[in-house]
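Below: one structure, written as structure tokens.
Have a look at this one:
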């Protein structure tokens, strides 16, 4: 209903029974004649509204349904666009008449008959049911016209496109609850004076009532000649006030094409414009209400539309006849995908938005795609929309663009197409170019690994080290309660290891592997080429002279596999320390890298595989000294091992400390154009940085408010 109304007054009332929907109160004037229910002003209005809804009701009841398709299957099998056009025009005409009858009857009965009786409500419900049926029919016509237009343009593959992935860092929106309408006065109460509403407040109330009570229309099909809507007079009068909403949305869509003021100097304004235009084409081609229009429309000289700006101009010209429906669909499509809160158990609302992390990454790749690039594509608005995404990696400027929109480092991993891009982004995050992608829990050693292009994939940080436990055992020969028990001290030891990936053709990685392999008394290194599976570094075979564990009598020394855990026991601490070690767990040399690569690599979650890498397993091979034997925590032992690996990495990089490594990395990044020269990153390193010191590298909390990150999340 359009407005709230009080209950019907008794016959003894001496005032006008009309309810003014503008002042939201009963009329306090005296009836025009003794037998009349309304004042002179409302008598004329009542006659006018009665005549209007009677005329519209007659038009709906006399509508020729033979102009509509007999059933939905006829729409799905129709190949003639002219027949679809005829059906659509008839469906929209009847739908518009139905909406006008609902609005006219509601307005009349609310103002003059306290909302209407049971018969009125039943008739309105039947009209709403018919309106919903017509909306489903128009959606079927839209979809069929969309499919035929795509087939004509050889773009049927759009219909089989995968569903867009959601954005992971979508901020939650808490909408304020609507204020309930005021309770209308009872008939036997003294009538208060009508509240004084200014012009803006009155319009706001009218818009709210129209949004609450009007039925949303189906999207029209978007063939340039198909399904042309009737004039806007078919909609409720109050909905005309909403014309400013699509106008503002269109203005915001135009502003997307302009580079934001906080765009870094490493991104050209022309590159920004190409990216946003590519995203526009992606959304338009996948929107049934926009694609046929964009594919078939032409400019004044008869040529196809050559830019997104021309298409937006066309939408502006059609805004009066379409009431902004096309602009609103484009506005909703140019948003990151999200789903609203479920209204019922197991059911969610319609997913809004067509953009996602994968779509954004593919669009950036298409920006740098050459004209000679092979593949199936559709020419649209002066550009191309490709069927298959590019397999080429994003250039540096492309990653700078991606960072402007996405602050999640995990999302950046999902669009990387090479290991070189992965380590580049992690390195620049440490250097300060991508501060939001920096993990605050990383240790100084992990910062060194990032700077060196080494990706730490798995480790035994949680289980590394020594564990001593007491086990009670029964002595042989004892029975029942009289049996004696003995306490056995069992010591378990697991040495540290890390599984990581290094770039294949990189001098620093080669030097690091060579340096680690040259220290067999400290490290055990097993490495192979991930593409050819050729083992490049393998541990030396164990001998009695150069034992892996440096412990005489250790059973693991006779095996070629890499021992991981060992155990010894005794009835006393002295006996336990004097006992020989026995291997409990080990890594098989032939298959350990296969297992890690299949289960612990960063690309296992996605549909691609890094081929430009070396799989590396590094194990702690330091002597079992008294100091390490007395260690009580596994974390400290693992940290000591990883810090020793990081120390070798720093030395092979030609530096003495992490601070020197950071300074060298920033200088090289600025020289390559990967970072802005004017940014002063040195201020972030005023704190002490060194390996092995807690919190060696620390940055202040990053609170970037980039315009691009809010652009595809804003709501009108």
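Numbering (UniProt numbering), first residue to last: 1 to 716. Glycine is no exception: its CB is placed at the ideal position from the N, C-alpha and C atoms.
Residue i and residue j look like a contact to me (Cβ under 8 angstroms); what is the Cβ gap, rounded to whole Å?
{"i": "residue 453", "j": "residue 508", "result": "7 angstroms"}
{"i": "residue 264", "j": "residue 671", "result": "Their Cβ separation, rounded to whole angstroms, is 17 angstroms, which puts residue 264 and residue 671 out of contact at 8 angstroms."}
{"i": "residue 564", "j": "residue 585", "result": "5 angstroms"}
{"i": "residue 101", "j": "residue 127", "result": "6 angstroms"}
{"i": "residue 717", "j": "residue 520", "result": "In the structure displayed, the chain extends from 1 to 716; residue 717 sits before or after that span and is not available."}
{"i": "residue 719", "j": "residue 467", "result": "In this structure the chain extends from 1 to 716, so residue 719 is not present and cannot be described."}
{"i": "residue 289", "j": "residue 80", "result": "That belief does not hold up - the Cβ atoms of residue 289 and residue 80 are roughly 21 angstroms apart, past 8 angstroms."}
{"i": "residue 330", "j": "residue 284", "result": "7 angstroms"}
{"i": "residue 291", "j": "residue 305", "result": "Not quite, the Cβ-Cβ distance comes to about 13 angstroms (not below 8 angstroms), so this is no contact."}
{"i": "residue 724", "j": "residue 455", "result": "Any property of residue 724 remains undetermined from this structure, which presents the chain solely from 1 to 716."}
{"i": "residue 448", "j": "residue 650", "result": "6 angstroms"}
{"i": "residue 245", "j": "residue 713", "result": "Between residue 713 and residue 245 the Cβ distance is about 18 angstroms, and since that is not below 8 angstroms, they are no contact."}
{"i": "residue 361", "j": "residue 402", "result": "7 angstroms"}
{"i": "residue 374", "j": "residue 643", "result": "Going by Cβ atoms, the distance from residue 374 to residue 643 rounds to 49 angstroms, so no, they are not a contact pair."}
{"i": "residue 462", "j": "residue 600", "result": "Not confirmed; about 14 angstroms, so no contact."}
Checking the sheet assignment: what are the DSSP bridge partners for residue i?
{"i": "residue 527", "result": "537 and 616"}
{"i": "residue 465", "result": "494"}
{"i": "residue 472", "result": "487"}
{"i": "residue 459", "result": "498"}
{"i": "residue 643", "result": "BP columns for residue 643 are empty, so no partner."}
{"i": "residue 257", "result": "None; residue 257 has no bridge partner."}
{"i": "residue 298", "result": "304"}
{"i": "residue 563", "result": "586"}
{"i": "residue 766", "result": "As displayed, the chain neither begins before 1 nor continues past 716, which places residue 766 out of reach and without an answer."}
{"i": "residue 719", "result": "Nothing in the structure corresponds to residue 719, since the chain is present only between 1 and 716."}
{"i": "residue 383", "result": "380"}
{"i": "residue 366", "result": "Residue 366 is not bridged to any residue."}
{"i": "residue 292", "result": "Paired residue(s): none; residue 292 is not in a bridge."}
{"i": "residue 503", "result": "613"}
Sorted by chain position, which residues of the same chain lie with C-beta nearer than 6 angstroms to residue i's C-beta, five sequence neighbours on each side aside?
{"i": "residue 218", "result": "Because residue 218 sits at a pLDDT of 34, beneath the cut-off of 50, its placement in the model cannot be relied upon, and the following sentence gives the value as read from the coordinates. Taken in chain order, the residues that qualify are 135, 138 and 139."}
{"i": "residue 533", "result": "none"}
{"i": "residue 496", "result": "464, 620, 638 and 641"}
{"i": "residue 707", "result": "260 and 262"}
{"i": "residue 617", "result": "499 and 526"}
{"i": "residue 800", "result": "The displayed coordinates of the chain run from 1 to 716. Any statement about residue 800 would go beyond what the structure contains."}
{"i": "residue 570", "result": "489, 576 and 579"}
{"i": "residue 315", "result": "326 and 327"}
{"i": "residue 52", "result": "104"}
{"i": "residue 567", "result": "492, 582 and 584"}
{"i": "residue 324", "result": "246"}
{"i": "residue 695", "result": "No answer about residue 695 holds up, because its pLDDT of 43 lies below 50 and its placement is not dependable."}
Beta-carbon within less than 8 angstroms of residue i's beta-carbon, same chain only, minus the 5 sequence neighbours each way: which residues are those?
{"i": "residue 614", "result": "501, 502, 503, 504, 509, 513, 527, 528, 529, 530 and 536"}
{"i": "residue 156", "result": "147 and 150"}
{"i": "residue 392", "result": "365, 368, 369 and 417"}
{"i": "residue 574", "result": "none"}
Using a Cβ-Cβ cut-off of 7 angstroms (strictly less than) and excluding sequence neighbours within five positions of residue i, which residues of its own chain qualify?
{"i": "residue 626", "result": "With a pLDDT of only 35 at residue 626, under 50, the local geometry of the prediction cannot be trusted, and no value is derived from it."}
{"i": "residue 144", "result": "75, 76, 78 and 84"}
{"i": "residue 278", "result": "363, 366, 367 and 383"}
{"i": "residue 397", "result": "266, 267 and 271"}
{"i": "residue 674", "result": "396, 428 and 433"}
{"i": "residue 711", "result": "256"}
{"i": "residue 653", "result": "452, 508 and 661"}
Can you find a C-beta in chain B that's less than 7 angstroms from the C-beta of residue i?
{"i": "residue 387", "result": "The structure shown contains no chain B; it is built from a single protein chain."}
Relative to the ligand FAD, is the shortest distance from any of its heavy atoms to the C-beta of residue i smaller than 6 angstroms?
{"i": "residue 663", "result": "The ligand FAD is absent from the structure shown, which contains no ligand whatsoever."}
Sufficient close CB pairs (3 or more, under 8 angstroms) joining the stretch 355 to 375 to the stretch 385 to 392: yes
Contact between the stretch 495 to 510 and the stretch 419 to 426 is defined here as three or more beta-carbon pairs at a separation below 8 angstroms; is this criterion met? yes
Taking one C-beta from the stretch 660 to 670 and one from the stretch 429 to 440 each time, how about it: are there three or more such pairs within less than 8 angstroms? yes
Point to revise | the stretch 372 to 383 / the stretch 300 to 319 touching (three or more Cβ pairs under 8 angstroms) | key: yes
For this session: Give, in chain order, every unbroken run of the alpha helix (DSSP H) that is at least 4 residues long and sits entirely within the stretch 395 to 437.
Result: 396 to 405, 409 to 414 and 419 to 431
Q) Between the stretch 441 to 455 and the stretch 268 to 279, are three or more C-beta pairs nearer than 8 angstroms? A) no
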